[in-house]
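Novice:
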Amino acid sequence: MKYKHIVKMIFVFAFIISAGISTGNSQIISDLETYQPGYGTPVGKINLIQGNAVIIHSDDTNRYAVKQDIPVFKKDTVITLDKSRLSLELIDESIIIMGSNSKMKLTQTLFDKQAKIRTSLINMALGKARFIVQKLKDFNESNFTIKTKTAVVGVRGSDFIIKTTQSLTQVTTLDDTILEIISLENLEKPPVLLHTFEQINIESGFLPSEIIPVSPGIIQDMTMEMSVKPKSIEPVNLTGTPKESAEKSKIRILPSRPAAEQGKPEHPDQPFTDSGGLGKPGAEVNMNNARPPLPDDKFMKPENINIPIQPDRFVMPHEDRISKQEDFLRQENERIIEKTVEDIKRLPDLPKPPVLMEK
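Numbered by mature numbering (1 follows the signal peptide of the UniProt record, and there is no 0), the letters in the sequence shown go through residues -19 to -1, 1 to 340 in order.
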């Protein structure tokens, strides 16, 4: 009888697990404290939440459920749970879109419009996020930095996606972007410059990988994956535009306003901003700053992944090369996913289902 009871309890526990992570997430969220603001002035707010997420203030041990429109404060830690996403807007109008099973801390956020100073430091411990950093013209100081376990990414005003684990960081640039990337394994080396539609991997114990171009198909998949409202997104035109229409070709953010007003920006000289954080339907990408192609022998083969090669400036590869690059990128993404599964266990302890005790 005792054996049968144990077997029965095992099956019950297995059924609870098989009910899905979302059910567990709901239980976790229901057990959290009612949200209380942190101390000081808010540095941003939650624009949208899809699924479940947790926020922890630096001066508070309580964990609070993330809700739409709640403020976030300096040194807050934000954690998204499984099958969850959120959009966070900082006071400088920069947008951060966090994917599922991600964790980041708003370590430093200073924005003084009168003094024309911006200083932001975000520690990204795990997961994936898209950063749409507002470009601030005529500012005396504008620093926006993301730090992971293996790299430091310096931003000048850009649109890019970071995927990171405890030992690997992958950075992919989108439209009109230049990033400075420093490997924490090689601090004495000068920063690596990453331009529009490029990707690099920085792994612990290795030199940074070769910079590789990213095809329009991969870019489209990645931006859709980082959409908080994926059904509302239309495909982005990645065919390029003439130089005279460069300003119109930048990916814009749709305003969160009534449909009748959506064709009119509140400030004509500023790009649209919206919590959804993805491109304006029909927008085109500026490809005018393309670079001359690399010789065939400069493209890295999968078997030479750990051999760093300093590339010259290049443009998007031809059709026959795109498939090879996509295969390589998919292999890298699969490796990142495997590492992410291992690293999820390192997320802060959250309330767990009760342990089944034998009566």
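The beta carbon of each residue, even a glycine, is placed where N, CA and C say it ideally should be. As the structure is a computational prediction, the values presented were derived from the model and not from experiment.
For F120, tell me which candidate among G138, Q17, T131 and P171 has the shortest Cα-Cα distance.
Specialist: Nearest neighbour of F120 by Cα position, chosen from G138, Q17, T131 and P171, turns out to be G138.
Novice: Using the rule of at least 16 other Cβ atoms within 10 Å of the residue's Cβ for burial, across every protein chain shown, is I127 buried or exposed?
Specialist: Counting the other CB atoms within 10 Å of its CB gives I127 a total of 16 or more, which places it among the buried residues.
Novice: Whose CA, out of E191, L29, T22 and V47, lies closest to the CA of I72?
Specialist: Of the candidates E191, L29, T22 and V47, the one whose C-alpha sits nearest the C-alpha of I72 is T22.
Novice: Need the endpoints of the beta strand (DSSP E) that E184 sits in, please.
Specialist: E179 to E184
Novice: Closer than 8 Å is the cut-off here; do at least three beta carbon pairs connect the stretch 74 to 91 with the stretch 42 to 50?
Specialist: no
Novice: Per DSSP, which residues does E14 bridge with? Please list them.
Specialist: Y45
Novice: Considering only their Cβ atoms, is the gap separating L67 from K84 smaller than 8 Å?
Specialist: no
Novice: Using C-beta distances below 6 Å, list every residue in its chain close to I163, excluding the 5 sequence neighbours before and after it, in chain order.
Specialist: V133 and P172
Novice: Any idea if G25 is buried or exposed, counting beta-carbon neighbours within 10 angstroms, 16 or more meaning buried?
Specialist: buried
Novice: Kindly indicate which three-state DSSP category Q151 falls into: helix, strand or coil?
Specialist: strand
Novice: Can you tell me whether D40 is buried or exposed, with buried defined as 16 or more other CB within 10 angstroms of its CB?
Specialist: exposed
Novice: Have a look at T15, T61 and D140 and flag the residue whose alpha-carbon is nearest the alpha-carbon of G32.
Specialist: The shortest Cα separation from G32 among T15, T61 and D140 belongs to T61.
Novice: Between I142 and K109, how many whole angstroms is the CB-CB distance? I'm expecting something under 8 Å.
Specialist: 7 Å
Novice: Identify whether M207 lies in helix, strand or coil by the three-state DSSP scheme.
Specialist: The three-state secondary structure of M207, taken from DSSP, is coil.
Novice: Do H176 and T204 have their beta-carbon atoms positioned less than 8 Å apart in this structure?
Specialist: no
Novice: Would you identify the three-state DSSP class for G198, choosing helix, strand or coil?
Specialist: helix
Novice: Classify Q115 as helix, strand or coil using the three-state DSSP reduction.
Specialist: coil
Novice: Helix, strand or coil: how does DSSP classify R66 here?
Specialist: strand
Novice: Please report how far the alpha carbon of D202 lies from the alpha carbon of Y16, in whole angstroms.
Specialist: 34 Å
Novice: Count the other CB atoms within 10 Å of the CB of K170; is the residue buried (16 or more) or exposed (fewer)?
Specialist: Exposed is the call here.
Novice: Among N182, P18 and I30, whose alpha-carbon lies nearest the alpha-carbon of S208?
Specialist: I30
Novice: Excluding the 5 residues flanking T158 on each side, which residues of the same chain have their C-beta closer than 6 Å to its C-beta?
Specialist: Apart from the 5 residues on each side of it in sequence, T158 sits with its Cβ closer than 6 Å to the Cβ of S139, D140, F141 and T177 in its chain, given in chain order.
Novice: What's the call for L168, buried or exposed, on a 16-neighbour Cβ count within 10 Å?
Specialist: exposed
Novice: Does the Cβ-Cβ distance between E191 and S148 come in under 8 Å?
Specialist: no
Novice: Across which residues does DSSP place residue 363 in a beta bridge pair?
Specialist: For the chain, the structure presents residues -19 to 340; residue 363 sits outside this window and is missing.
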